[in-house]
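Here it is in structure tokens:
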């Protein structure tokens, strides 16, 4: 077993190295054993997969074909889960078998570089949880909420089909390739595969994208907390709670992570409940009522301070708290949706698919695909999949479960967010998500605006808005853009049916706001740190002193530069007379998808270098799609003559109005506001150009590298040399029969060795 | 196994999983690694960090090697 070369393409030359003494227990099952297990279709297996296919098919029919007056949320869950199972079982298996060909006889970095700290073999189920907690953030929660404008079907199809064919493929490939390279980062792999120009463009693009993503996440928090005393109080309480946890772990009980996380969680609940009491007092409501601009300044200052404080004091404890909250809340929401099964009355395709609407400007293609990035295809994951995870993985075959499977989980989060947003009344949805420029920020204005949209079946009354605001404990819900408040209303609406009734809605609403703000603030802190190191590294090429990352002044200076960069974009969004989130969110999606295109381009060059042209389409297909979507979205944002869509068209319209001496134009009611629009659209337009140019450089370099491999037939690899593994572990969530058998032999051997050791030490 | 036994095992497994995901088992893993690495070569064993030292070292290493969180 395990002696014959199983992977002709890349293990041929190393077959000798990986040969294992037949007297020892094998460290891997032979590929033929895996193949035989797979090809063996027992009646039970046929029945299970037949059942999954039928249920999945039926769910898609209910969603896409039947489209009754209302559709039950359970069909979304079934359609998603069944499609994921089929995609995982068949497509990811196909990729594993033909493209990646993992070889469990090879040691992973966690084994051959083991240091017990950064490189440490981790149980696959635990690592799955780790990886999921690292990739899932606010992105999959916000994008689907905004895309709900287009009706339920476009978003659902893109999230489910996109993840199976694109998002999960990207995560899986990057994880595998990074693991084969000792856990190298995406930037390093880009330099190795694409040469200096492509590599540098990838690095600059990554840094710019990081800034944009941090800025827009911060904007989501500002929009959720502005003028909400309850939210401001409870979210700002997370800072002292985290400081307390950090000190507890540092000085009092080091390593007691679960214990302090539970204490922290209880304190968080107390902060939410306390926020409700304080915001109902007159002084509390006045003191914690903060307007968007001071709130944004507060977050910028916070971002700087948090990023220069030691990790143990703030980042590490908040990380524990956010992991705890994330897994708990997502699990809770999944159960609640299955229990409550809300009826959804949003149409499959709304009135806004062709030309965009108040929430997202522009037509369905390409803007659906940039509005929903995380959950379907998220380039940011490439940074995680080439970060910590590849250094912890036990066996090569586990990359499928962790990389591909982890992304399917995130996609499911996006589906749940979509369901939560769809379950609230459509009139309320549009009142919450239309910018204050359209609604005037008042209940009357919102009612007039939403009813003027002419949506079928929507008849918004002022009473509905004031009652909902009262239920969730807010002064108003009009124009609470950014996605987070809408999701929170949806979540509160679903959760109160499980626990607490309408009296608990305010609690659930603020619980959800807290849950999102918590990990956005962690992402802001961590993103600033990562960007600062990137900047120091780049500056170090010119001024060597910056390479020394413990040089305090340099660290502060580079942190300050990065904070100012995202802070400027954040301020632009907060003060934008056009609404902010709807002009900036496309940039977020485009940036994230461009990063995906860069990651896939690097993967394509690697696949070509291995000489596997027959299966190149597995990478080329999602790459081509991401390229077409992002480049056409960028071009529309740059060249479109429709002001609502094109940044420069908007810029021109306002410049001309200013030149004509007008003092109010469109939604900008003063000359200063008009000047702000001119400034903002210019910055946004220039950023769009920067992103698309960098991404095109990277993609062209990747195509060149691929073409070079094809032409020259000069195949090779930048992988680390193969090292034989000395351990065994199953590959999927559940071990197969053959894996169980081999695992049992290894366990028996471990027990024997242990008793031999203890006998020896007893004698001596 | 009776129901109580099954419940106990389930609770134990859940605790193991949560501790793993939260990273609480990091020191145990480090200890195990250290012991297996230096079990044979007596004499030259580098000193093993105490629990307190290990956790300090762990967060201090994150200071110089930050990891992004996803959006």
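Chains as they are written, first to last, in our numbering: chain E, 70 to 833; chain R, 1444 to 1514.
For every residue, glycine included, the Cβ atom is placed at its ideal position computed from N, Cα and C.
- Taken through DSSP and simplified to helix, strand or coil, residue 292 of chain E comes out as helix.
- Collapsing the DSSP output to three states places residue 424 of chain E in coil.
- Counting only runs of 4+ residues, the alpha helix (DSSP H) found wholly inside the segment 707 to 768 of chain E occupies 716 to 728, in chain order.
- Separation of the CB atoms of residue 767 of chain E and residue 667 of chain E is rounded to 5 Å, and the pair is thereby assigned contact status at 8 Å.
- Considering only E/583, E/659, E/671, the residue with the shortest C-alpha distance to residue 247 of chain E is E/671.
- Inclusion of residue 673 of chain E and residue 771 of chain E in the CB contact set at 7 Å is warranted, their separation being smaller than that value.
- Within a 10 Å sphere around the beta-carbon of residue 621 of chain E sit fewer than 16 other beta-carbons, which makes this residue exposed.
- Under a criterion of Cβ atoms nearer than 9 Å, no residue of chain E is adjacent to residue 1455 of chain R; the nearest Cβ is some 14 Å distant.
- For residue 365 of chain E, the uninterrupted alpha helix (DSSP H) run begins and ends at 361 to 377, by DSSP.
- Using a Cβ-Cβ cut-off of 7 Å, residue 316 of chain E does not count as an interface residue toward chain R, since no Cβ of chain R sits closer than that to its own.
- The beta-carbon of residue 195 of chain E is placed less than 7 Å from the nearest beta-carbon of chain R.
- Take residue 717 of chain E, set aside five residues on each side of it, and the residues of its chain with a beta-carbon closer than 6 Å to its own are 754, in chain order.
- Listed in chain order, the non-local C-beta contacts of residue 340 of chain E below 6 Å within the same chain comprise 303, 306, local neighbours out to five positions each way being set aside.
- Annotated three-state conformation of residue 1493 of chain R is coil, per DSSP.
- The Cβ neighbour count for residue 309 of chain E, taken over all protein chains shown within 10 Å, is under 16; the residue is labelled exposed.
- In the DSSP secondary-structure assignment, residue 141 of chain E is bridged to E/412.
- In terms of Cα proximity to residue 142 of chain E, the closest of E/153, E/154, E/383, E/128 is E/128.
- Considering only beta carbons, the part of the segment 560 to 591 of chain E lying closer than 9 Å to chain R consists of 588, 589, 591, in chain order.
- Only 318, 319, 323, 324, 325, 326, 327, 330 from the segment 313 to 338 of chain E bring a Cβ to less than 8 Å from some Cβ of chain R.
- Annotation for residue 543 of chain E: no alpha helix (DSSP H) segment contains it, and DSSP assigns it neither H nor E.
- Residue pairing for residue 462 of chain E: DSSP places it in a beta bridge opposite E/191.
- Against chain R, a Cβ distance below 7 Å from residue 380 of chain E picks out 1502, 1505, 1506.
- The DSSP-derived three-state label of residue 175 of chain E is strand.
- In this structure, DSSP gives residue 323 of chain E a state outside helix and strand, which the three-state scheme calls coil.
- For residue 297 of chain E, the secondary structure class from DSSP, reduced to helix, strand or coil, is coil.
- A check of alpha carbon separations from residue 473 of chain E across E/119, E/437, E/324, E/169 identifies E/169 as the nearest.
- Cβ-Cβ distances below 8 Å link residue 423 of chain E to 432, 433 in the same chain, with the five nearest sequence neighbours on each side left out; the list follows chain order.
- The beta-carbon of residue 608 of chain E is placed no less than 7 Å from the nearest beta-carbon of chain R.
- Contact between residue 286 of chain E and residue 497 of chain E does not hold, since the beta-carbon distance rounds to 24 Å and is not under 8 Å.
- Between residue 443 of chain E and residue 661 of chain E a beta carbon distance of about 7 Å is seen, short of the 8 Å cut, so the two are scored as contacting.
- From the listed residues E/100, E/183, E/178, the smallest Cα separation to residue 1479 of chain R is found for E/183.
- Neighbours of residue 1448 of chain R across chain E, judged by C-beta separation under 8 Å, do not exist; the nearest C-beta is about 20 Å away.
- For residue 463 of chain E, the number of other beta carbons within 10 angstroms of its own is at least 16, and it is reported as buried.
- Bridge partners of residue 793 of chain E according to DSSP: E/175.
- The beta-bridge partner set that DSSP reports for residue 430 of chain E consists of E/425.
- For residue 453 of chain E, same chain residues with a beta-carbon under 6 Å away, outside a window of 5 residues either side, are 203, 204 in chain order.
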